[in-house]
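In this note's numbering, the protein residues as written are 49 to 348.
From the three backbone atoms N, C-alpha and C, an ideal C-beta is built for every residue, glycine too.
To start, the structure itself, in structure tokens.
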């Protein structure tokens, strides 16, 4: 069985498109189609349904996808094991992160890791926490970094980095000159929320419940799919929001946003390194975990 064909097939399934799979694999679209066609001939089964511009795996395709992922992972582990035996570390590592750690924490740790391991190829996928969890469970990603504890016995969650959620307002907002506000006053202004499933929203919801507030009680004027979109929404005076301190620190220093304390409410949070329970990490993933553990104090 041609592993390269399996890699291309998995790209089509992951991205839901022959065109995007071709771009990601550095191949032409006809080449991608030929790889999939060859697999369909080999198994005498249709593996991909072409629904307009979208590509979805058939039932047989879903079965093959699960095995293909395992085969690709074993190939990567073999490459890494031989490199480790030879005294070097090489291979590919697929990481995932929710938007805050993906934008503000992991890039510099990846950079310092690559300085010591130049033959390593790290791929970082940034998405909502729920999506990263799904990808770690399915084997698409070996490690993930998310902003909330995920209650799933199939996962191991290790606290790795500290952060804090804060109320951010634009400078002209009436609260911008206040030393603090009462939690109940959050109900009196336009509010921007992150999307359901994001670590920021999950942690914010938990914190507000400790003072008797629910997200449904807020005057929600917008729900946005990224921290950057929310931050820009606050700057544009659409509303206020509760955001990661990491993500707004630069705006606060420049005077573009103001942090307003909420009386009797602090919202510390952690970012958690996640991996599949009872799954042995590849040598590369294990080394990257050690790198994060040794260097996490620099990110506090």
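Please list the terminal residues of the continuous alpha helix (DSSP H) segment that includes residue i.
i           : result
residue 211 : Note, residue 211: premise wrong, no alpha helix (DSSP H); beta strand (DSSP E) at 203 to 217.
residue 158 : 154 to 164
residue 248 : 247 to 257
residue 179 : 177 to 186
With respect to the beta strand (DSSP E) encompassing residue i, which residues constitute its N-terminal and C-terminal limits?
i           : result
residue 192 : 191 to 194
residue 105 : 102 to 105
residue 267 : 267 to 272
Let's test the definition: count the other Cβ atoms within 10 Å of the Cβ of residue i and tell me whether it reaches 16, buried, or not, exposed.
i           : result
residue 201 : exposed
residue 128 : buried
residue 218 : buried
residue 180 : buried
residue 105 : buried
residue 256 : buried
residue 330 : buried
residue 163 : exposed
residue 154 : buried
residue 51  : exposed
residue 118 : exposed
residue 171 : exposed
residue 302 : exposed
residue 115 : exposed
residue 167 : exposed
residue 90  : exposed
residue 342 : exposed
residue 325 : exposed
residue 268 : exposed
residue 242 : buried
residue 156 : exposed
residue 315 : buried
residue 188 : buried
State the beta-bridge partners of residue i as determined by DSSP.
i           : result
residue 171 : 142
residue 316 : 212
residue 56  : For residue 56, which the question treats as bridged, DSSP gives no partner whatsoever.
residue 349 : Lying outside 49 to 348, the shown extent of the chain, residue 349 is not represented and no answer is given.
residue 292 : 213
residue 130 : Its beta-bridge partners do not exist; DSSP assigns none.
residue 229 : 310
For residue i, name the three-state secondary structure that DSSP assigns.
i           : result
residue 97  : strand
residue 330 : coil
residue 286 : coil
residue 242 : strand
residue 80  : helix
residue 306 : strand
residue 73  : helix
residue 223 : helix
residue 262 : coil
residue 109 : helix
residue 64  : coil
residue 300 : helix
residue 137 : coil
residue 237 : coil
residue 278 : helix
Contact defined as beta carbons within less than 8 Å: I believe residue i pairs with residue j. What is the distance between those atoms, to the nearest angstrom?
i           : j           : result
residue 307 : residue 192 : Rounded, the Cβ-Cβ distance is 28 Å, inconsistent with contact.
residue 197 : residue 293 : With 8 Å as the limit, residue 197 and residue 293 do not qualify as a contact, their Cβ atoms being about 19 Å apart.
residue 216 : residue 289 : 6 Å
residue 88  : residue 99  : Actually they do not touch by this definition, with Cβ atoms about 16 Å apart.
residue 291 : residue 279 : 6 Å
residue 130 : residue 150 : So it is not a contact: roughly 30 Å between Cβ atoms.
residue 93  : residue 108 : 4 Å
residue 195 : residue 251 : 6 Å
residue 238 : residue 286 : 7 Å
residue 392 : residue 282 : What is shown of the chain runs 49 to 348, which leaves residue 392 out entirely.
residue 65  : residue 210 : That belief does not hold up - the Cβ atoms of residue 65 and residue 210 are roughly 38 Å apart, past 8 Å.
residue 147 : residue 274 : 6 Å
residue 120 : residue 58  : 7 Å
Examine the ligand PLP and report whether any of its heavy atoms sits within less than 6 Å of the Cβ of residue i.
i           : result
residue 285 : The model on display carries no ligand, and the ligand PLP is accordingly not part of it.
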